[in-house]
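Adding 29 to a residue's 1-based position in the sequence shown gives its number in my numbering. In what follows, a single structure is set out as C-alpha cells and then discussed.
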Amino acid sequence: KNVVEIINIGSGKGISLKEIALNIAKQIGANENLLQFEVSPYRSDEIMYSVANIEKAKGILGWKPKTSLEEGIENMIRWYKKGEGV
30 KNVVEIINIG SGKGISLKEI ALNIAKQIGA NENLLQFEVS PYRSDEIMYS
80 VANIEKAKGI LGWKPKTSLE EGIENMIRWY KKGEGV
C-alpha cells in the first residue's frame, strides 16, 4: 500500500521579513538605517504568521535542521560573491 504524506521542512521557528532583511544587511556590511519598514494594510483573511511544523520530519525521517538562518544567509552570500549566483 502506497502512503503519501506531506512533510514540512523548515526551522520550526518563526522569523519576520524585517529580521531577515536586517540579518542580510549586517552580513554584507550595509547600513541598516537605510532600510525602511512600513506597515501595510492587511486583508481580513490574510495569514499573519506561519511556522513550519517539523515534527513529522523528525519522527518519520529522523531529520532536524543543521544550518541556522544566519549560517544559511552567510552561505548564500558567499555563493553569490563567488559568481555562482550570477
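A virtual CB, placed ideally from N, CA and C, is assigned to each residue, including glycine.
For residue j and residue i, the rounded distance between their alpha carbons
i: N52; j: L90; result: 30 Å
i: W108; j: N62; result: 26 Å
i: M77; j: G101; result: 24 Å
i: E75; j: E99; result: 28 Å
Whether residue i touches residue j by CB criterion (9 Å)
i: G43; j: I83; result: no
i: G112; j: A81; result: no
i: K85; j: I35; result: yes
Residue i, DSSP secondary structure in three states
i: K85; result: helix
i: I38; result: coil
Top-ranked residue by Cα proximity to residue i, from the options
i: Q65; options: Y71, R72, A54; result: A54
i: S79; options: L46, E34, E99, K95; result: L46
i: W87; options: K30, N31, N37, S69; result: The displayed chain sequence assigns Lys, not Trp, to residue 87. Closest by alpha carbon: N37.
Cβ of residue i within 9 Å of any chain B Cβ
i: S73; result: Structure shown: chain B not included; a single protein chain is present.
Integer-rounded CB distance, given that residue j should sit under 8 Å from residue i
i: I106; j: I49; result: Incorrect: roughly 13 Å between the Cβ atoms, too far for contact.
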